[in-house]
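Everything below concerns the one structure shown next.
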Amino acid sequence: MKMLKELMISVAIVAVFFLLVGIVLPSHRHLSESIDTNRKPTLVYDTINGFGRWKDWNAVTAHDPRAQLKISGPAAGVGAQIDYDGSGVGKGSWKITGSQTNQSVDFAITNGDMGSNKKSAITIKPDKSEKNTTVVQTYDVDYGFNLLGRYAGLYAGSYAGEDMKVDLRRLTGLLAEVPNLAYDQLTPALTGTKYAELPASDVITINSGTVINDFAHVYDSVKNNNQWLKRVMDANNLEPAGPFYLVTEDVNTANYGYNLVQPVKKKGSTATTGLTGVALQGTVKFATIPARKVVTTSVAATDYNALQLTRDALRAWALVHGYQIADKSFEVYKDGVDKSFTAGAASFDVYWPVK
Numbered sequence: 001m002k003m004l005k006e007l008m009i010s011v012a013i014v015a016v017f018f019l020l021v022g023i024v025l026p027s028h029r030h031l032s033e034s035i036d037t038n039r040k041p042t043l044v045y046d047t048i049n050g051f052g053r054w055k056d057w058n059a060v061t062a063h064d065p066r067a068q069l070k071i072s073g074p075a076a077g078v079g080a081q082i083d084y085d086g087s088g089v090g091k092g093s094w095k096i097t098g099s100q101t102n103q104s105v106d107f108a109i110t111n112g113d114m115g116s117n118k119k120s121a122i123t124i125k126p127d128k129s130e131k132n133t134t135v136v137q138t139y140d141v142d143y144g145f146n147l148l149g150r151y152a153g154l155y156a157g158s159y160a161g162e163d164m165k166v167d168l169r170r171l172t173g174l175l176a177e178v179p180n181l182a183y184d185q186l187t188p189a190l191t192g193t194k195y196a197e198l199p200a201s202d203v204i205t206i207n208s209g210t211v212i213n214d215f216a217h218v219y220d221s222v223k224n225n226n227q228w229l230k231r232v233m234d235a236n237n238l239e240p241a242g243p244f245y246l247v248t249e250d251v252n253t254a255n256y257g258y259n260l261v262q263p264v265k266k267k268g269s270t271a272t273t274g275l276t277g278v279a280l281q282g283t284v285k286f287a288t289i290p291a292r293k294v295v296t297t298s299v300a301a302t303d304y305n306a307l308q309l310t311r312d313a314l315r316a317w318a319l320v321h322g323y324q325i326a327d328k329s330f331e332v333y334k335d336g337v338d339k340s341f342t343a344g345a346a347s348f349d350v351y352w353p354v355k
C-alpha cells in the first residue's frame with residue numbers, strides 16, 4: 001500500500017511538472033529559413049504564386065512523389081489552392097491568401113501536424129545591385145492551450161523547419177533551369193502571354209539550310225524562300241490561310257536555321273485541312289500540322305532582331321507556370337517579309353508548343 005501511495009505521488013509530481021512546463025511553453029511557434037539565388041524576382045514570384053510547379057519545389061512531393069494532387073481556384077494569386085493525399089504525407093492543402101507582385105506570397109496550410117492556424121510566407125528580397133535575390137520562407141503555427149501541441153512545438157524545427165529547407169533548395173534548383181529574364185520588364189513588352197490551342201492546318205514548308213545569323217542574310221533567305229512558296233501556291237490554286245511563320249531549327253551567334261511554313265487552303269475555301277495532290281517544286285514540302293497546345297505572346301514595334309530575346313522570355317514564362325516544352329519555337333510574321341526586317345516596324349506572335 002505504501003508503495004502504491006509513493007507511486008501515485010510520483011505520478012502526481014510528474015503530472016504537475018508536465019502541466020507547469022506546458023503552461024510556460026510558448027503557444028505559438030515562428031520559424032524562418034532563407035536561401036540566395038541569382039534569378040530575377042519575377043521568376044521566383046510567378047513560380048510560387050500558383051501551383052503549376054508546386055510539385056517540383058514543395059517538400060510534400062519530396063516525401064511522397066506519388067501523392068495525389070488537385071489544383072482548384074484561380075490559376076494564380078489569392079484563392080488558388082492545391083490539395084494533396086498520399087500514404088506518406090496524409091491529407092492536406094496549401095492555399096494562397098495574400099500576394100504582392102514580385103515581393104511575397106502568403107499561404108494557409110492544413111495538414112496532420114499538431115497545431116492550428118498554420119501559415120507560411122515566402123518573401124522575395126533583391127539586393128541593391130539587383131543581381132541576387134534572397135528568398136525567405138517563414139512558418140507560423142498556434143497551439144493554444146493544447147499542452148501536447150506546445151511540447152510538439154519544441155521539435156517544430158526538426159520537421160517544419162527541415163521541410164522549409166527542402167522547399168527552398170528545390171525552388172532554387174528548378175529556377176536554375178529557367179532563362180534568367182524578367183519578362184514583365186522587357187522592351188518591346190510582351191503582351192497577351194497565355195496558353196492556347198491551335199487547330200490543325202495544311203501547310204507548305206521549305207528549309208533554309210544554314211544561314212549566316214545577321215539581319216541582311218536572314219532577310220535575303222526568307223525573301224527567296226517565300227518566293228518558292230508563292231510559286232507552289234500559284235501552281236496549285238492555293239492561297240494563304242494566315243501569315244507565314246518561321247520554326248527555329250538551330251540558332252547561335254554565327255548561324256541560323258529555320259523552316260519557313262505557310263498555312264494554305266484552296267482559293268475561296270474556308271477549310272484549313274483536307275488538301276491532297278499538291279504539286280511541289282524544288283525543296284518545298286507539304287504537310288498537315290495536327291492540332292497542338294502552345295504558349296504564346298505578342299510583340300509590336302520591333303523586328304527580327306528582337307525575336308531571340310522574345311523566344312527566351314516566353315520559354316521562361318512557360319517553365320515557371322508549369323508548362324513542359326514539347327517542340328521547337330516558331331514566330332508568326334504578321335506584317336510580311338519586308339516590314340519584319342525593317343527596324344522597329346513589325347509585329348510578331350511567338351509560340352512554344354507544350355505538352
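First residue of the sequence shown: 1, per UniProt numbering; consecutive thereafter.
Even glycine gets a Cβ: it sits at the ideal position worked out from N, Cα and C.
No experiment lies behind these values; they were computed from the predicted model shown.
Beta-carbon proximity of residue i to residue j, cut-off 8 angstroms
{"i": "Thr37", "j": "Leu175", "result": "yes"}
{"i": "Asn111", "j": "Tyr45", "result": "no"}
{"i": "Leu229", "j": "Val278", "result": "no"}
{"i": "Val295", "j": "Val354", "result": "yes"}
{"i": "Ser340", "j": "Pro263", "result": "no"}
{"i": "residue 357", "j": "Tyr256", "result": "Since the first and last residues shown for the chain are 1 and 355, residue 357 lies out of range."}
{"i": "Gly50", "j": "Ala80", "result": "yes"}
{"i": "Val232", "j": "Ile212", "result": "no"}
{"i": "Leu190", "j": "Ala108", "result": "no"}
{"i": "Ser34", "j": "Val105", "result": "no"}
{"i": "Val251", "j": "Gln308", "result": "yes"}
{"i": "Thr272", "j": "Ala241", "result": "yes"}
{"i": "Arg53", "j": "Pro179", "result": "no"}
{"i": "Asp163", "j": "Ala59", "result": "yes"}
{"i": "Pro243", "j": "Tyr304", "result": "no"}
For residue i, the residue or residues it bridges with in DSSP
{"i": "Leu260", "result": "Ile206 and Leu246"}
{"i": "Tyr323", "result": "In DSSP, Tyr323 forms no bridge with anything."}
{"i": "Gly266", "result": "The residue asked about is misnamed: residue 266 is Lys in this sequence, not Gly. Lys266 pairs with Leu238."}
{"i": "Ser72", "result": "Gln81"}
{"i": "Pro353", "result": "Val294"}
{"i": "His28", "result": "Asp142"}
{"i": "Val136", "result": "Ser34 and Thr123"}
{"i": "Ala300", "result": "DSSP lists no partner for Ala300."}
{"i": "Lys91", "result": "Asp85"}
{"i": "Gly98", "result": "Asp106"}
{"i": "Glu130", "result": "None, per the DSSP bridge assignment."}
{"i": "Glu331", "result": "Leu246 and Val350"}
{"i": "Ile212", "result": "Asn255"}
{"i": "Glu162", "result": "In the DSSP output, where bridge partners are listed per residue, Glu162 has none listed."}
Residue i, buried or exposed, once every other Cβ within 10 Å from all chains shown has been counted against 16
{"i": "Glu130", "result": "exposed"}
{"i": "Ala177", "result": "The sequence shown places Glu at residue 177, not Ala. By the 10 Å Cβ count, Glu177 comes out exposed."}
{"i": "Ile48", "result": "buried"}
{"i": "Ser329", "result": "buried"}
{"i": "Ala216", "result": "exposed"}
{"i": "Thr302", "result": "buried"}
{"i": "Ser99", "result": "buried"}
{"i": "Asn132", "result": "exposed"}
{"i": "Ile96", "result": "buried"}
Alpha-carbon spacing of residue i relative to residue j, whole angstroms
{"i": "His207", "j": "Ser347", "result": "Inspection of the sequence shows that residue 207 is occupied by Asn rather than by His. In a straight line, the C-alpha of Asn207 is about 23 angstroms away from that of Ser347."}
{"i": "Glu249", "j": "Ser32", "result": "46 angstroms"}
{"i": "Asn192", "j": "Ala121", "result": "According to the sequence provided, residue 192 is Gly. The question's Asn does not apply to it. Cα to Cα, the separation comes out at about 29 angstroms."}
{"i": "Val141", "j": "Gly173", "result": "27 angstroms"}
{"i": "Gly22", "j": "Asp327", "result": "Residue confidence is low: Gly22 scores 44 on pLDDT, short of 50, so the model does not pin down where it sits. No coordinate-derived value is stated."}
{"i": "Asp335", "j": "Gly344", "result": "12 angstroms"}
{"i": "Arg170", "j": "Thr61", "result": "11 angstroms"}
{"i": "Thr310", "j": "Asp338", "result": "20 angstroms"}
{"i": "Ala235", "j": "Lys223", "result": "19 angstroms"}
{"i": "Arg292", "j": "Tyr351", "result": "11 angstroms"}
{"i": "Ala76", "j": "Lys165", "result": "24 angstroms"}
{"i": "Gly274", "j": "Phe286", "result": "12 angstroms"}
{"i": "Val78", "j": "Thr187", "result": "29 angstroms"}
{"i": "Lys194", "j": "Thr297", "result": "7 angstroms"}
{"i": "Ala306", "j": "Asn259", "result": "18 angstroms"}
{"i": "Thr138", "j": "Ile71", "result": "23 angstroms"}
{"i": "Thr134", "j": "Asp83", "result": "28 angstroms"}
Any non-hydrogen atom of the ligand ATP closer than 7 angstroms to residue i Cβ
{"i": "Ala59", "result": "Annotation note on the ligand ATP: not contained in the displayed structure, which lists no ligands."}
(message) If contact is defined by three or more beta carbon pairs under 8 angstroms, each pair taking one atom from either stretch, is the region 83-93 in contact with the region 48-67?
(response) yes
(request) Count the C-beta pairs between the region 308-322 and the region 264-275 that are closer than 8 angstroms, then say yes if the count reaches three, no if not. (result) no
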